[in-house]
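Comments concern the structure below.
Protein chains: 2
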Amino acid sequence: MRTADLPQIRSLRLFESMSESNFEALMQAAYLQTFPAQLDLISEGDPADFLYVVVEGCVELYARSNGRESTMGMIRPIGTFILAAVLRDAVYLMSARTFQKSKILLIPSENVRDTFEKDEAFARAIVLELAGCYRGVVKEHKDMKLRTSVERLANRLLRYHRDQGGNGTVELPYDKRTISSMLGMTPENLSRAFNTLKPYGVEVDGSTIRFSDIEALERLAKPNPLIDERSM
Amino acid sequence: MRTADLPQIRSLRLFESMSESNFEALMQAAYLQTFPAQLDLISEGDPADFLYVVVEGCVELYARSNGRESTMGMIRPIGTFILAAVLRDAVYLMSARTFQKSKILLIPSENVRDTFEKDEAFARAIVLELAGCYRGVVKEHKDMKLRTSVERLANRLLRYHRDQGGNGTVELPYDKRTISSMLGMTPENLSRAFNTLKPYGVEVDGSTIRFSDIEALERLAKPNPLIDERSM
DNA sequence: GGCTCCTCTTGATAATTATCAAGCCTGATT
DNA sequence: AATCAGGCTTGATAATTATCAAGAGGAGCC
């Protein structure tokens with residue numbers, strides 16, 4: 001790995017408080033690679049050989065069964081994926097592919113587990129990260145079990161709106177096919193869900209969404225911090 | 001806490017490898033209590049004051065939003081719940097109530113976090129438990145996003161069947177209303193899903209289910225280890 | 001027994017979501 | 001400019017799931 005990249009990695013929450021020597025040893029074993037878009041990184045069922053850290057770009061996690069496929073999440077800098085499989089030395093439960101061209105750090109699983117044993121600060125950071133991922137899935141699962149697809153879309157739009165500054169306009173961060181899969185619906189249904197939201201002041205123009213009545217949208221969406229807040 | 005209960009607790013995977021002194025200190029701070037059935041233990045949104053360990057009985061995790069409610073999981077001995085909230089010092093994302101009369105160990109969050117720092121073996125056990133819970137939710141989420149309700153029921157029945165010895169008969173572990181909520185459907189729909197499975201050799205007699213054509217059921221269910229296997 | 005409560009089931013209907021088949025639009029290519 | 005491909009939308013229809021209402025059956029109780 002190029003030494004020029006080290007400070008950037010070191011500043012990630014996962015690594016910033018561990019000892020210098022342990023960090024160096026871990027990086028000695030790791031690879032930092034750039035992958036083109038739409039490249040398969042891992043496949044569900046494979047043994048967890050590496051922990052992945054997305055340094056730049058975006059990675060899509062997805063799962064398959066029965067010939068169906070569903071997007072399970074999008075990982076952006078700085079995020080890890082399949083940490084749980086690495087820690088348990090188990091197989092991956094999800095597949096992953098680059099969504100955009102991405103710079104990714106690969107750390108061999110064994111080194112992650114060894115360092116976890118040796119470095120208390122790293123162990124603490126790992127646990128916080130893992131617990132955060134866990135809570136993320138719980139929220140997704142609640143979203144799925146407690147809401148209709150229109151409600152899921154409305155709440156997702158409100159979240160993007162807040163993330164992007166809340167000035168009445170949102171730029172969709174992914175293409176609509178991907179968003180529909182994230183939300184657990186078909187692309188056709190996403191189109192119709194946008195139409196359903198029109199009376200609530202949601203105007204669609206390609207990947208730009210404009211809101212003319214946020215309050216009406218919120219009344220419909222009934223956002224719930226215990227589902228929609230990323231940080232909670 | 002009564003000293004008579006200590007050996008039982010000590011033998012739990014979470015505690016068995018930690019140091020004796022740290023275990024004693026942790027237990028000094030903990031409470032072991034027996035609660036009657038259907039008692040609310042925690043409510044989503046509350047700060048995580050305790051880590052809960054189900055020693056005997058059964059606890060239901062559930063979530064609410066929009067006036068809807070859904071069962072998120074059932075915790076049986078020996079299982080923990082809301083570990084992630086405790087570790088992150090955050091609020092609970094799920095509510096919990098006893099399903100049966102249950103004996104539950106309550107450990108103050110702060111002591112869990114302190115001991116996590118002090119005791120490396122405990123930290124390791126915590127991480128394995130947390131990673132296991134995480135993978136459990138991911139599987140539930142895949143189940144929900146990739147399968148219809150009839151498929152979810154078929155696979156759940158096959159899982160119970162395997163757990164109970166696979167002799168062609170299953171005793172449902174919960175009442176049907178609870179099972180329907182776990183599977184993300186209404187009680188009415190569960191009834192109909194059982195009817196749909198009749199041509200596949202599934203015969204319902206109260207809470208006893210008999211299978212006369214497991215292979216047909218498996219062809220319908222298409223079980224997937226990466227969703228249905230508890231241990232993976 | 002008779003009563004009551006409760007869960008579960010069934011029927012009728014409605015709402016939600018998926019599927020299939022065009023068609024539209026846009027951006028890239030030639 | 002013409003062509004083409006891909007993503008998105010729309011319409012028609014079907015499948016899935018939920019809702020509302022009613023009834024069957026069982027367990028507990030007086």
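For the protein sequence lines, the chains are A and B, in the order given. Counting from 1, position 172 in the first sequence corresponds to residue 172 in the UniProt record's numbering; the numbering is continuous, with no gaps. Counting from 1, position 60 in the second sequence corresponds to residue 60 in the UniProt record's numbering; the numbering is continuous, with no gaps. Idealized CB from N, CA, C, for every residue including glycine. Keep in mind it's a predicted model, so treat the numbers as computed, not measured.
### Task
Provide the residue(s) that pair with Ala96 (chain B) in DSSP beta bridges, ordered along the chain.
B:Ile42 and B:Leu61
Taking Asp205 (chain A) as part of the beta strand (DSSP E), name the residues at either end of that continuous run. Judged by DSSP secondary structure, Asp205 (chain A) falls within the beta strand (DSSP E) whose first and last residues are Val202 to Asp205.
message = On a Cα-Cα basis, can you pick out the residue from A:Ile227, A:Arg152 and A:Glu44 that is closest to Thr196 (chain A)?
response = A:Arg152
Closer than 8 Å to chain A by CB, Ser149 (chain B)
no
Is the distance from the Cβ of Lys145 (chain A) to the Cβ of Ser70 (chain B) below 8 Å?
-> Cβ atoms of Lys145 (chain A) and Ser70 (chain B): closer than 8 Å.
Next item on the list: Please check the pair Arg227 (chain B) and Lys118 (chain B), which I expect to be a contact at CB under 8 Å, by giving their CB distance rounded to whole angstroms.
Entry: For the record, residue 227 (chain B) in the displayed sequence is Ile; it is not Arg. So it is not a contact: roughly 37 Å between Cβ atoms.
Does the segment 59-74 of chain A come into contact with the segment 95-107 of chain A, if we say contact requires no fewer than three beta-carbon pairs (one atom in each stretch) closer than 8 Å?
yes
Note to self: Just checking: is the beta-carbon of Lys145 (chain A) within a distance shorter than 8 Å of some beta-carbon in chain B?
What the structure shows: yes
If I measure Cβ to Cβ from Ser17 (chain B) and keep anything under 8 Å in the same chain, skipping five residues before and after, which residues do I get?
Ala121, Phe122, Arg124 and Ala125
For Ser181 (chain B), does the count of other Cβ atoms within 10 angstroms reach 16, so buried, or fall short, so exposed? That one is buried.
- [ ] Under 8 Å between beta-carbons, which chain A residues line up against Ser19 (chain B)? List them in chain order, please.
- [x] The CB of Ser19 (chain B) never comes closer than 8 Å to any CB in chain A; the least such distance is about 15 Å.
**OP:** Examine chain B for any beta-carbon lying closer than 8 Å to the beta-carbon of Met74 (chain A), and answer yes or no.
**Re:** no
ask   = Where do the ends of the beta strand (DSSP E) carrying Leu68 (chain A) lie?
value = Residue identity check: residue 68 (chain A) is Arg in the sequence provided, not Leu. Residues Arg68 to Ile75.
query = Would you report the Cα separation of Ser231 (chain B) and Gly79 (chain B), rounded to the nearest angstrom?
reply = 14 Å
Margin query: Helix, strand or coil, according to DSSP, for Pro173 (chain A) in the structure here?
Written below: Assigned with DSSP and collapsed to three states, Pro173 (chain A) falls in coil, not helix or strand.
Using a Cβ-Cβ cut-off of 8 Å, state whether Asn189 (chain B) counts as contacting chain A.
Not one chain A Cβ lies under 8 Å of Asn189 (chain B).
Margin query: Below 7 Å on C-beta distance, what does Glu224 (chain B) contact in chain A?
Written below: According to the sequence provided, residue 224 (chain B) is Asn. The question's Glu does not apply to it. Simply Ser65.
Which chain B residues are close to Ile78 (chain A), counting only those with a beta carbon under 8 Å from its beta carbon? Under the 8 Å cutoff, chain B gives no residues; its nearest Cβ is about 18 Å from Ile78 (chain A).
**Q.** Simplified DSSP state of Ser102 (chain A), which is helix, strand or coil
**A.** strand
*CA-to-CA distance, Thr186 (chain B) to Phe194 (chain B), given in whole angstroms*: 13 Å
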